[in-house]
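>
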Amino acid sequence: MHNPSMAASQKLYAALFHVLLLSLFPLNAKSSARTQAEALLQWKSTLSFSPPPLSSWSRSNLNNLCKWTAVSCSSTSRTVSQINLRSLNITGTLAHFNFTPFTDLTRFDIQNNNVNGTIPSAIGSLSKLTHLDLSVNFFEGSIPVEISQLTELQYLSLYSNNLSGIIPFQLANLPKVRHLDLGANYLENPDWSNFSMPSLEYLSFSLNELTAEFPHFITNCRNLTFLDLSLNKFTGQIPELVFTNLGKLETLNLYNNSFQGNIPSSIGQLKHLEKLDLRNNALNSTIPPELGLCTNLTYLALAGNHLSGELPLSLSNLAKIADMGLSDNSLSGEISPTLISNWTKLISLQVQNNSFSGNIPPEIGKLTMLQYLFLYKNTFSGSIPPEIGNLKELLSLDLSENQLSGPLPRPLWNLTNLQTLNLFSNNINGKIPPEVGNLTMLQILDLNTNQLHGELPQTISNITSLTSINLFGNNLSGRIPSDFGKYMPSLEYARFSYNRLCGEGEGLSQCPTTDSSKSSKDNKKVLIGVIVPVCGLLVIATIFAVCYVSEKTNCLMKRPKLPRMVRVPSQ
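Using mature numbering (1 follows the signal peptide of the UniProt record, and there is no 0), the letters of the sequence shown map in sequence onto residues -29 to -1, 1 to 542.
See below:
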C-alpha cells in the first residue's frame, strides 16, 4: 500500500542529498586550487632567480590563484588549465615541480628561460596536456620515455637544449601530435622503423647527431607542411617519395648533410613549396627542369653541392623568388635574359664560384628590388652593363674574379645605398670618375688588379664611412688627395701599392714613388705589400711551435664541443 508520508520523506532526503553534494563541489575545487597554489609556491622557492612578474605568487594571495601571473584557470573547475612562463628569465630546475595536482593542465610553456637539469619523468602524469614547450633552455640528459604517455599532446617542442641520447621511439605513440621540434640538441638515431606519426604537420630534427639515411617514416607523414633535417649527418639519396607523398610541404630544409645523387624530378609535385634549402650536401646532378613547376618558391638554396650543367629556362616561372642561392657548384653556360626578366621580386642573387660565362645580361637592371648581387669567381666577360645603375636598393655588389673589361659605367655611381663594391681581378680600364664620391654609404671599395689609370678624384674623400680601400695593381698616377684619411675615422685598411701614386694625404703615410723604395712611415691605416701576410705567417708558425713544444697538438687537431648558444625559437 502506498504511503504518501513515506514518499514525501524520501523526496526530501533525496533533495537534501543533492544540495549537500552540490555544496561540496566548490569546496573540492577550492581545495584543489589551494593544493596547486602551494605546489607552485614550493617550486618558486627553489628557483635561483624568480623574476618580478611572479610577485603575485605569494601566500598572501593564496586564494586568488586564477589571477596569478602566467596562470590561467578553467572556467568550470576553477583549477589551473595553463601555465605560460615564456621568456621570464627564470633560473632553476623542474626537479622540485610537483606535477601531480595539475590534473586539468592543458598547456605548459617555459620557452626561453634558464631552466636546467633533466626533464622530470613525472611530467608524463599530465594526462590532459595538449601543448608542451620546453624549448630554448638548458635541459640535459635524455628525453624521458614518459612523455609518450601524454596521448592528448598536439604540440611538443624541446628545441635548443642540451638533450642527448637516443630519441625514444615511444614518441610515435603520440597519436595527435601535429608539431614536433627536437632541433638543436645532441640527439642520436632511434630505430626509425618503430616510428609512425601520420598526424604531423611540423617536424624538425635539425642540428643534432643524426646519421644514416633519410628516415623512411617521414614519407608517410602526408600532412607535413614543414620539414627540417638540416645540420645533421644524413647520407644516401633523397627518397623520391619525399616529393610524391608530401604534396603539402611549404618548407623543406635538408641543408648541411651528406645527401648524394640527384634532385628527383618529382620535385615539381610540390606545388605549395615556398622554401627549398638543399645547401652543402653532395648532390651531383643537373638542376631538374621540373623545379620550375614550384611556382610558389620564394627561397631557393642549392649552394655548396656538385651540381652541373646550365640553368633550365623553366626557372623563369619562379616569379615569386626573392632569394636565389646557387653558389659553389659547377654550373655553366650563360645566364639567360629570360630568367633575369621574370625574377622581379629578387632581393638576393648569389651564383658565385661557378663556371658561368658570357655577358652579364642588361636585363639585370629590371631586378629593382635587388640588395645583394654576387657574380664573382666565374668567367663573365664583356663590360659591366650600365643598367646595373637601376638597382637603387643594392647594398652589396661583387663582380670580382671574372674577365670583365671596359670602363666603369657612370650609372654605377648612382647606387647611393651601396656598402660593398668588389670589382677586383678583372680587366676593367679607364678612370675612376669624380662621381665615386656619391657612394657616401660605401664601407668597402676593392678595385685591385685591374687596368685603371688616371688620378684619384678628390671626391673620394667624401666617402667617410670607408673601412677598407684597395687599389693595388692598377696604373693609377698622380697624388693621393691631400685630405684623404682626414675625414675617414673608420678607415682600417688602405692599399695603393703597384701604382704610380705619390703624395702625402693627411692621415696617411707617404707612399713610395717606386716599388724598390725602402722608406715608409708606420701608419695603422695603410698596410703595404707583404707586411700583413708575413706577420700572419709568423704568428701561425709561432702557434704551431708552441703547440708542438708543449705537446698539446690536440689544440689544433681536435675541436672541443662548445656550450650551445641560445637560439631564437623556431616558428
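Just so you know, even glycine gets a beta-carbon here, dropped at the ideal spot from N, CA and C.
Counting along the chain, where does the alpha helix (DSSP H) carrying residue 312 start and finish?
Indexing the sequence shown from 1 puts residue 312 at position 341. From DSSP, the alpha helix (DSSP H) with residue 312 extends over 308 to 313.
> Once the 5 residues before and after residue 387 are set aside, which same chain residues still bring their CB inside 8 Å of it?
The count along the sequence shown starts at 1 and reaches residue 387 at position 416. So the list reads 363, 409, 410, 411 and 412, once near-sequence residues are dropped.
> Would you call residue 201 buried or exposed, if buried means 16 or more other Cβ atoms sit within 10 Å of its Cβ?
Here residue 201 refers to the residue found at position 230 when the sequence shown is read from its first residue. So residue 201 ends up on the buried side.
> Starting from the Cα of residue 449, find the closest Cα among 463, 425, 459 and 467 and give me that residue.
Residue mapping note: residue 449 aligns to position 478 of the sequence shown, counting from 1. Comparing Cα positions, the closest option is 425.
> Helix, strand or coil for residue 42 per DSSP?
Indexing the sequence shown from 1 puts residue 42 at position 71. In this structure, residue 42 counts as strand in the three-state DSSP scheme.
> Which runs of the alpha helix (DSSP H) spanning at least 4 residues fall entirely within the region 164 to 208, listed in chain order?
DSSP runs (the alpha helix (DSSP H)) wholly in the region 164 to 208: none.
> Name the residue from 105, 237, 444 and 47 whose alpha carbon lies nearest to the alpha carbon of residue 264.
Translated into the one-based positions of the sequence shown, residue 264 becomes position 293. Residue 237 is the option with its Cα nearest to residue 264.
> Based on Cα-Cα distance, which residue from 356, 124, 162 and 216 lies nearest to residue 148?
As a working mapping, residue 148 is identified with position 177 in the sequence shown. Among 356, 124, 162 and 216, the Cα nearest to that of residue 148 belongs to 124.
> By the three-class DSSP mapping on this structure, what secondary structure does residue 367 have?
Within the sequence shown, residue 367 is the residue found at index 396, counting from 1. Reduced to three states, the DSSP call for residue 367 is strand.
> Just the C-alpha distance for residue 135 and residue 103, rounded to the nearest angstrom, thanks.
Mapped onto the sequence shown, residue 135 falls at position 164. Mapped onto the sequence shown, residue 103 falls at position 132. Computed Cα separation, rounded: 19 Å.
> Along the chain, which unbroken stretches of the beta strand (DSSP E) at least 3 residues long are found entirely within the region 17 to 95?
The region 17 to 95 contains these whole beta strand (DSSP E) runs: 42 to 44, 51 to 55, 62 to 64, 78 to 80 and 85 to 88.
> With 16 as the cutoff for other CB atoms within 10 Å, does residue 284 come out buried or exposed?
For this step, residue 284 is matched to residue 313 along the sequence shown. Exposed is the call here.
> Are there 16 or more other CB atoms within 10 angstroms of the CB of residue 272, so buried, or fewer, so exposed?
On the sequence shown, residue 272 is found 301 positions in, with the first residue counted as 1. Under this definition residue 272 is a buried residue.
> Can you tell me whether residue 5 is helix, strand or coil according to DSSP?
Position 34 of the sequence shown, counting from 1, holds the residue named residue 5. Residue 5 falls in the helix class under three-state DSSP.
> Answer with buried or exposed for residue 405, where buried requires no fewer than 16 other C-beta atoms within 10 angstroms of its C-beta.
Position 434 of the sequence shown, counted from the start, is the residue given in the question as residue 405. When all chains shown are included, residue 405 counts as exposed.
> Secondary structure at residue 465, three-state DSSP: helix, strand or coil?
The residue given as residue 465 occupies position 494 in the sequence shown. If DSSP states are grouped into helix, strand and coil, residue 465 belongs with the strands.
> Return the CA-CA distance between residue 322 and residue 50, expressed in angstroms with no decimal places.
Translated into positions along the sequence shown, residue 322 becomes position 351. Translated into positions along the sequence shown, residue 50 becomes position 79. Taking the straight line from one Cα to the other gives about 58 Å.
> Using the C-alpha atoms, what's the distance from residue 46 back to residue -15?
Taking the first residue of the sequence shown as 1, we reach residue -15 at position 15. Taking the first residue of the sequence shown as 1, we reach residue 46 at position 75. Low per-residue confidence applies at residue -15: pLDDT is 47, beneath 50, and the placement is therefore not dependable, though the value from the model is reported in the following sentence. Cα-Cα distance, rounded: 26 Å.
> On the CB-based measure, 16 or more other CB atoms within 10 Å of its CB, does residue 128 come out buried or exposed?
As a first step, residue 128 is located in the sequence shown; it is residue number 157 there, counting from the start. Per the 10 Å Cβ criterion, buried.
> For residue 305, does the three-state DSSP call read helix, strand or coil?
On the sequence shown, residue 305 is found 334 positions in, with the first residue counted as 1. In the structure shown, residue 305 sits in coil (DSSP, three-state: anything other than H, G, I, E or B).
> Using the C-alpha atoms, what's the distance from residue 197 back to residue 328?
Within the sequence shown, numbered from 1, the residue matching residue 328 stands at position 357. Within the sequence shown, numbered from 1, the residue matching residue 197 stands at position 226. The straight-line gap from Cα to Cα measures roughly 37 Å.
> With burial defined as no fewer than 16 other Cβ atoms inside 10 Å of the residue's Cβ, what is the status of residue 275: buried or exposed?
What you label residue 275 is simply residue 304 of the sequence shown in a count that begins at 1. Buried, since its Cβ has 16 or more Cβ neighbours within 10 Å.
> Would you mind giving the Cβ-Cβ distance between residue 325 and residue 302, rounded to the nearest angstrom? I have them listed as a contact below 8 Å.
Mapped onto the sequence shown, residue 325 falls at position 354. Mapped onto the sequence shown, residue 302 falls at position 331. Contact holds; Cβ gap of about 4 Å.
> Touch check for the region 162 to 170 and the region 203 to 213: three-plus C-beta pairs under 8 Å?
Output reads no: the region 203 to 213 does not touch the region 162 to 170.
> Considering only their Cβ atoms, is the gap separating residue 81 from residue 61 smaller than 9 Å?
On the sequence shown, position 90 is the one that residue 61 refers to. On the sequence shown, position 110 is the one that residue 81 refers to. Yes, they are a contact pair.
> Decide if residue 71 is buried, meaning its Cβ has at least 16 other Cβ atoms within 10 Å, or exposed.
As a position in the sequence shown, residue 71 is number 100, starting the count at 1. Exposed is the call here.
> Spell out a yes or no on whether the region 165 to 172 and the region 137 to 144 are touching, meaning 3 or more CB-CB pairs, one atom from each, closer than 8 Å.
The region 165 to 172 vs the region 137 to 144: in contact.
> With C-beta atoms as the reference, is residue 373 less than 9 Å away from residue 354?
Within the sequence shown, numbered from 1, the residue matching residue 373 stands at position 402. Within the sequence shown, numbered from 1, the residue matching residue 354 stands at position 383. No; because the gap between Cβ atoms is not below 9 Å, this pair is not in contact.
> Within the same chain, show all residues whose beta-carbon is closer than 7 Å to that of residue 259, passing over the 5 residues directly before and after it, in chain order.
Here residue 259 corresponds to residue number 288 of the sequence shown, with the count starting at 1. Answer for residue 259: 234, 236 and 238, listed in chain order.
> I'd like to confirm the pairing. Which residues does DSSP put opposite residue 295 in its beta bridges?
By 1-based counting over the sequence shown, the position of residue 295 is 324. Residue 295 pairs with 271 and 320.
> Just verifying my parser: in three-state terms, what is the DSSP assignment at residue 123?
The residue you call residue 123 lines up with position 152 of the sequence shown. Coil at residue 123, not helix or strand.
> Checking the sheet assignment: what are the DSSP bridge partners for residue 395?
Here residue 395 is taken as the residue at index 424 of the sequence shown, counted from 1. Partner(s): none; residue 395 has no beta bridge.
> Under 8 Å by Cβ, that's how I've got residue 375 and residue 352 pegged, so tell me the actual separation to the nearest angstrom.
Along the sequence shown, one-based indexing puts residue 375 at 404. Along the sequence shown, one-based indexing puts residue 352 at 381. 7 Å between Cβ atoms; contact.
> Taking all protein chains shown into account, decide if residue 460 is buried (16 or more other Cβ within 10 angstroms of its Cβ) or exposed.
Translated into positions along the sequence shown, residue 460 becomes position 489. Exposed, because fewer than 16 other Cβ atoms sit within 10 Å of the Cβ of residue 460.
> Consult DSSP for residue 290 and reduce its assignment to one of helix, strand or coil.
Residue numbering aside, residue 290 sits at position 319 when the sequence shown is read from its first letter. Of the three classes helix, strand and coil, the one that applies to residue 290 here is coil, per DSSP.
> Which whole-angstrom value describes the C-beta separation of residue 421 and residue 393, a residue pair presumed to lie in contact below a C-beta threshold of 8 Å?
On the sequence shown, residue 421 is found 450 positions in, with the first residue counted as 1. On the sequence shown, residue 393 is found 422 positions in, with the first residue counted as 1. The Cβ separation is near 12 Å, so there is no contact.
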